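Quick note, the working numbering runs 376 ahead of the 1-based positions in the sequence shown. Beta carbons are placed, not taken as given, at the ideal position from N, Cα and C, and that holds for glycine. Model, not experiment: these values are computed from the prediction. Structure, as structure tokens:
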Amino acid sequence: MNFTDDTEEALRSAVWLVNSAEEPETLETLADYDAFLVDFPYSGRLDRDDAELASLRDLRPRLRTLLLAPRDEMAAHVNAALAESSLAPRLVRHDGMDWHLHAVADERPLAERVLIETAMALIDVIRADEGSRISICADDTCDALALDLSRNRSKRYCSTTCTNRNAVAAYRARRASA
């Protein structure tokens, strides 16, 4: 399943934010927040202050719940998020991205825009019945989320670190049993 570019970007951003709460925490300072904005360049209002950082940090548990919910629950969470916001949908093109949908005004707080962009992306996930592409990392020691956007549905780990750790463990187990 190929999602649109803006759907994939919203999912990547939401997964990054959720995973930033895992050890080691990666969204603690304004410098961390600035690095997030380099990787995920949101348009519109950016206060870049402690309050905005705190609102993103506070949003992470809700994003985790949204992303990991079974399909029917995910739909209920998406509907709840959409009902909380003053939606002002419009097609926009900016920063090298082709036409895509912005569902709330650019002046709204960043955490609200992140929530609604995630909800909009999850609409595509729900409609395509592709919730299995978002899971908890297959590494037994990790609770981070893994987002599988591969064609062959092969991504099981949240990061290269977890992938490598499990590959080394599997290799050692094979050598020990040989």
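Selected residue, minimal CA-CA separation from residue i, among the options
i, options, result
"Leu-406", "Ala-430, Pro-417, Glu-399 and Thr-383", "Ala-430"
"Met-364", "Leu-523, Ser-535 and Pro-417", "With the chain represented from 377 up to 554, any question about residue 364 goes unanswered, as that position is not in the structure."
"Lys-531", "Cys-513, Ala-520, Ala-397 and Arg-541", "Cys-513"
"Ser-508", "Ser-526, Asn-395 and Cys-518", "Ser-526"
"Ala-464", "Asn-455, Leu-477, Val-391 and Asp-382", "Leu-477"
"His-470", "Gly-420, Ala-452, Tyr-547 and Thr-383", "Gly-420"
"Asp-516", "Ala-504, Leu-523, Arg-503 and Cys-538", "Cys-538"
"Pro-446", "Arg-503, Leu-486, Phe-379 and Asn-528", "Arg-503"
"Cys-518", "Asn-528, Glu-506, Asp-505 and Tyr-533", "Tyr-533"
Residue i (DSSP reduced to helix, strand or coil)
i, result
"Ser-419", "coil"
"Ala-522", "strand"
"Leu-393", "helix"
"Leu-443", "helix"
"Leu-406", "helix"
"Ala-427", "helix"
"Cys-534", "coil"
"Pro-437", "helix"
"Asp-381", "helix"
For residue i, the first and last residue of its enclosing alpha helix (DSSP H)
i, result
"Asp-448", "447–460"
"Asp-500", "486–503"
Opposing strand residues paired with residue i [DSSP bridges]
i, result
"Ser-511", "Ala-522"
"Leu-477", "Leu-467"
Endpoints, beta strand (DSSP E) assigned at residue i
i, result
"Leu-467", "466–470"
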